[in-house]
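Let me begin by presenting the structure, written as C-alpha cells, before commenting on it.
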Amino acid sequence: MSQALRLRLAINVINRRHAQGFSQAQLAARAGLHRSHIGSIEQAHINVSIDTIGAIADALGVDAEMLLTKAASAARSLPPCVP
225 MSQALRLRLA INVINRRHAQ GFSQAQLAAR AGLHRSHIGS IEQAHINVSI DTIGAIADAL
285 GVDAEMLLTK AASAARSLPP CVP
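Read in the numbering used here, the sequence shown has 232 at position 8, and its numbers run on one by one without any break.
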C-alpha cells in the first residue's frame, strides 16, 4: 500500500469516526481490533489488509470503497508524523 493510499485511508477513517462520535477504542471494539491498531492506521504508519479495511468499514457503517476514495475538499488533514 502506498503512502498516499495509507494517508487517504487514515483521513477517511478519522473523519468517519469523528462524524459518528466514536473514540478509537469504541471503533476498535466494534471492528474487533485493538485500539493501538486503529491509532496506527489513523497515523498511516502501517499497511492494512483488505479484511481489516472491511472490518473498519462495517463498524463505521460504510462501504470499504468509501474509506479508500479521495476525501472531500473539507477533509481534515493529518498532523505531521513523528517517527
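By construction, the Cβ of each residue, glycine as well, lies at the ideal position given by its N, Cα and C atoms.
About 7 Å separates the beta carbon of I265 from that of L233, a gap short enough to meet the 8 Å contact definition. The distance from the Cβ of G278 to that of A268 is about 19 Å, inconsistent with a contact at the 8 Å cut-off. Taking 8 Å as the upper bound for CB-CB distance, R259 and Q248 are in contact here, some 5 Å apart.
Between G256 and the set G263, I280, H242, S273, the nearest pair of CA atoms involves I280. Counting other Cβ atoms within 10 Å of its Cβ, L284 reaches 16 or more and is therefore classed as buried.
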